[in-house]
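Here is the structure we will look at.
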Amino acid sequence: MLNRRYFVASGILGLGVAAFPGAGWAAPGTNKKFVFIIQRGAADGLATLAPTGDPDFLRARGDLAAEALTGTKLDDMFTLHPAMTESAKLFALKQASFVHAIASSYRERSHFDAQNILESGAGRPYGRDDGWLGRLLTLLPRDDAKGLAVAPSVPLALRGPIAANSYAPSRMPDANADLMARLTNLYAEDAQLSALWSGAQATEAMAGAPADQALKGGAALGQMTARLMQGPNGARVVMLETNGWDTHFQQKGRLNGALKQVDALIAALRDSLGNEWQNTLLMVATEFGRTVAFNGTGGTDHGTASAAMLFGGALANGGNIVADWPGLKASQLYEGRDLKPTMRFEQFASDALARHYGLDPVRTRTALFPDFA
Amino acid sequence: MIDAAIAMNRFGLGARPTGNAPPSPADWLKSQIKSYQPVFPAMASQPSRAEIAAGFREYQLDRKDFRAARKDAAAAMAADDMPQIDPAKIEKVVNTLRLQYVSAADARMDAAISSDTDFAERLVHFWSNHFAVSIDKLPVLALAGDYEFTAIRPHIMGTFADLLYAAVTHPAMLLYLDQAQSIGPNSPLATRVAARRNKTLGLNENLAREILELHTLGVRTVYDQKDVTEFARALTGYTVGGMAKGPIQRFMAQNGKDGDSQFFAPIHEPGDRVVIVRRYSQQGGAQARAILSDIATHPATAKHIATKLAQHFAADVPPPALVARLEKSFLESGGDLPHLYRTLIESPEMWLPQQAKFKSPWDWVISSLRALNVRELPNSRQGVNMLAQLGQPIWKPGSPAGFNDTTENWAGGAALMRRVEIASRLAERSANRVDARILAPRILSGQLGVMTTENIARAESPSQGLALLLLSPEFLRR
Chain A
96 MLNRRYFVAS GILGLGVAAF PGAGWAAPGT NKKFVFIIQR GAADGLATLA
146 PTGDPDFLRA RGDLAAEALT GTKLDDMFTL HPAMTESAKL FALKQASFVH
196 AIASSYRERS HFDAQNILES GAGRPYGRDD GWLGRLLTLL PRDDAKGLAV
246 APSVPLALRG PIAANSYAPS RMPDANADLM ARLTNLYAED AQLSALWSGA
296 QATEAMAGAP ADQALKGGAA LGQMTARLMQ GPNGARVVML ETNGWDTHFQ
346 QKGRLNGALK QVDALIAALR DSLGNEWQNT LLMVATEFGR TVAFNGTGGT
396 DHGTASAAML FGGALANGGN IVADWPGLKA SQLYEGRDLK PTMRFEQFAS
446 DALARHYGLD PVRTRTALFP DFA
Chain B
53 MIDAAIAMNR FGLGARPTGN APPSPADWLK SQIKSYQPVF PAMASQPSRA
103 EIAAGFREYQ LDRKDFRAAR KDAAAAMAAD DMPQIDPAKI EKVVNTLRLQ
153 YVSAADARMD AAISSDTDFA ERLVHFWSNH FAVSIDKLPV LALAGDYEFT
203 AIRPHIMGTF ADLLYAAVTH PAMLLYLDQA QSIGPNSPLA TRVAARRNKT
253 LGLNENLARE ILELHTLGVR TVYDQKDVTE FARALTGYTV GGMAKGPIQR
303 FMAQNGKDGD SQFFAPIHEP GDRVVIVRRY SQQGGAQARA ILSDIATHPA
353 TAKHIATKLA QHFAADVPPP ALVARLEKSF LESGGDLPHL YRTLIESPEM
403 WLPQQAKFKS PWDWVISSLR ALNVRELPNS RQGVNMLAQL GQPIWKPGSP
453 AGFNDTTENW AGGAALMRRV EIASRLAERS ANRVDARILA PRILSGQLGV
503 MTTENIARAE SPSQGLALLL LSPEFLRR
């Protein structure tokens, strides 16, 4: 029994539906929204979505496995971390889907190379200077191709031929309107600065009320993001950054805090988007996982496969977990230490997006991840 | 005169209106290798590592008391009486650490805005970011200043090997990358704890990996996971008095000074190590030191450092000829840093008129203050807050890779909007004493374009003229 292949009916990796309407530039907008939440620093999928049905997990993780058992049991195999109570509710409502033992093409253990690949979707680090979210924009009708990163500048994932904006709240008083107009003139002959400047002004106007609070906590970030997505000019494809996942020491408390924040972020998006939640898909993913065994300092070191999550009112057939479970015996681990990847992030992301936008899965994958065979 | 502007704006931290343009820009830069002052007055008055450690220790003890009290209450099942952590008390201690940070960050800024050897100051910032620590980890908060002042500053005009050793064995780095808590699984202490308490203590490979990946050889070069683990074993023993945790702290209580790095033999993994096909049979701390010394002069390290230096000074995609020249200079001199700096100064690629680098927020703030001839920030925190608003909080890159050095990382819409807001504030404060029409050609001699000159001339007020200068394409780049 211990070596059984674990496979729950696929809601994500299912076979493509026969026909897909070809969405092009001229097609009318769909109102669909997509939010990508990146977990920078390698989130421990084994703690987030704990394989409590695998006895080797209980053996490998000791105390932490006991904590994992206090979470929400999703099925015979997996238990969601106790900090993720709102996510558990969404799962019960079939508005959440999880995948496990997933990784990009990257097999080394550098955060920086791995994040580069997770964002660019390239087959090797620094292989591309645009990202899969940026390339997604080129597949969408014009009205849906409005990208925004809540960050001081646009991260690699969202860079591409269609310029995305960035927004970060400020505590500074606004500069006066006359100076703003003069800068438009000053930058007129500078291609880079004039593009940045027009995007910055448009987004600043969207944010509306002065953003007087720093974005402390997931709930505030979720509420503000929902505001930036409202109305006909709101952003439709959004990237959010989270960190605090690199738990080399004292993993228990630190991961608990980080997961709570993500859970609050997801709940705030659900609550603040209102009816638009029904048109929204959220994806949460990280660059790689962490070691199966604990290190000497109550934490875990850099690993390989991890878990990824989808949420949203627009999620078809949620409430399931997809994993071709590789097992956690020493002989089953990648290089004797890490959860072995049995699913590719590129496939997972392009399938989820094709489904969400009603695009052809093959065409979507080729466009988003051209290096993925 | 464009060479003078390049020397001051691209190599240095930005021209000041009062400084006379150096007659020979290259000689002026080279002379800074000798005239650079590692100790800036405001840095000498910073608290010692022992004082900082004492503050941190107080914080740890408060947390410990709180946990113990909570445990007792839980045992008594009196949920209502569950003690709450005293936020005022914790806040007071954290505030002390934070004030120490702000004071050190101020000293850094004062040195940057007032220095006459600002090419050397830029090198300090470059190396400090290359060997990045980040204050989002509490133990690093008050130590980050001491790290830059005592591990980086005194070594930037020496060899790369000495700089490397000083950086990675400073308490801030040992704590930031978890080395302080890493224990050899077969060390005397781990063996003893295992026997008594049935608890395994062991390695943390964080620092070992980042030294190979970020500080020296570079990612995807000549090492693999086995080398990381072996190097991590060799590094065990390097820890910090008074600031490590758990059993290390208890056992070393009587040894060494609080807040200082030390090699604590009882946690060192015994035995020979093999790192990048070389065997190291040294005992104790000498083992890691020998490994560090070998990788410091490895050809992969030469290439990595040459690339980063060229990327910082010349262009995001550095000219291959410049990288090759710096690499050769590194290898020929055994990593003698002044050698590299001279090669950089003498490279024609550095003197091209095109402004290829988009200033980082730090660069932009410092060069703005220098242009406005501000010598000292009027209130502490001001500088710290400004940089935080702009997205480059001092000593807080949030990652051991440090702040990214390329345009796309800094040239964002939101980031530009923040610069507009801050330029307005700075300009308002200086408008009664600085005329942008006179200042612009002085600090951007040979670089200033017609568009900016005209926009400044047409400004509605002196303050607006200054803001336009600080936000001009020529001033946003270097």
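So the protein sequences, as listed, match chains A and B. Residues 96 to 468, numbered by my numbering, are exactly what the first sequence covers, in order. Residues 53 to 530, numbered by my numbering, are exactly what the second sequence covers, in order. The C-beta atom is built at its ideal place from N, Cα and C for all residues, glycine as well.
At the C-beta level, N258/B and D214/B stay beyond 9 Å of one another. Residues of chain B whose Cβ lies closer than 8 Å to the Cβ of P220/A are, in chain order, V271 and R272.
Between G107/B and G298/B, the alpha-carbon positions lie close to 18 Å from each other.
The stretch 145-207 of chain A is shown to contain whole beta strand (DSSP E) runs of 3 or more residues at 191-198, in chain order. The C-beta separation of A246/A from E336/A comes to about 6 Å, placing the pair in contact by the 8 Å criterion. Annotation note: the stretch 413-455 of chain A contains the following uninterrupted beta strand (DSSP E) runs of length 3 or greater, listed N- to C-terminal: 415-417.
Between the alpha carbons of R68/B and A157/B lies a distance of about 22 Å. Between the stretch 422-439 of chain A and the stretch 448-457 of chain A there are fewer than three C-beta pairs closer than 8 Å, too few to call the two in contact. Take the alpha-carbon of G386/B and the one of S205/A: they are about 27 Å apart.
Of the other Cβ atoms in all chains shown, fewer than 16 fall within 10 Å of the Cβ of S87/B; this residue is therefore exposed.
With a threshold of 16 other beta carbon atoms within 10 Å, A509/B falls short and is exposed.
Annotation for S313/B: no alpha helix (DSSP H) segment contains it, though the beta strand (DSSP E) segment containing it runs S313 to F315. Here G454/B is not near N61/B, since their CB atoms are 9 Å or more apart. Sequence-distant partners of W340/A (beyond 5 residues in either direction) whose C-beta falls short of 7 Å from its own C-beta, in its chain, are Q134, R135, G136, A137, A138, A353 and T381.
For G293/B, there are no C-beta contacts with chain A under 7 Å, since the nearest C-beta of that chain is about 18 Å from it.
With fewer than 16 other Cβ atoms from the protein chains shown falling within 10 Å of its own Cβ, G157/A counts as exposed. Excluding sequence positions up to five before and after L316/A, its CB lies within less than 8 Å of the CB of V245, L310, L335, L360 and A363, all in the same chain and listed in chain order.
V329/B places its beta carbon 9 Å or farther from that of H267/B. Annotation for I133/A: the continuous beta strand (DSSP E) segment containing it runs K128 to Q134. Taken in chain order, the members of the stretch 311-344 of chain A whose beta-carbon sits within less than 7 Å of a beta-carbon on chain B are N338, H343 and F344. Within its own chain, the residues whose Cβ lies closer than 6 Å to the Cβ of V280/B, once the five positions on either side in sequence are excluded, are E257, A260 and R261, listed in chain order. Bounds of the beta strand (DSSP E) holding M378/A are T375 to T381. Taking 9 Å as the threshold, the shortest C-beta distance from L442/B to chain A falls below it.
What S234/B touches in chain A, judged by beta-carbon distance under 7 Å, is G391 and T392, going in chain order. Contact annotation: G393/A and R432/A have beta-carbon atoms that are not nearer than 9 Å. Not flagged as an interface residue toward chain A: R150/B, since no C-beta distance is shorter than 9 Å. The beta carbon of W292/A lies closer than 7 Å to those of L278, T279 and Y282 in the same chain, with the five residues before and after it left out. About 32 Å separates the beta carbon of G293/B from that of G270/B, a gap too long to meet the 8 Å contact definition. Along the stretch 259-284 of chain A, going in chain order, the ones with a CB nearer than 8 Å to a CB of chain B are N260, S261, Y262, A263, S265, R266, M267, P268, D269, A270, N271, D273, L274, M275, R277, L278, N280, L281, Y282, A283 and E284. Taking the Cβ atoms as the reference, M295/B lies roughly 7 Å from A232/B, within the contact range of under 8 Å. With a cut-off of 8 Å on Cβ pairs, the stretch 170-178 of chain B is not in contact with the stretch 429-439 of chain B, counting fewer than three such pairs.
When secondary structure is reduced to three states using DSSP, S451/B falls in the coil class, being assigned neither helix nor strand. Within 8 Å of the CB of P237/B, the CB atoms of chain A belong to G391, in sequence order along the chain. Measuring C-alpha to C-alpha distances from L188/A to each of F443/A, L169/A, R202/A and R223/A identifies L169/A as the nearest. The beta carbon of F440/A does not come within 9 Å of any beta carbon belonging to chain B, so the residue lies off that interface. With contacts defined by Cβ atoms closer than 9 Å, I347/B and L264/B form a contacting pair.
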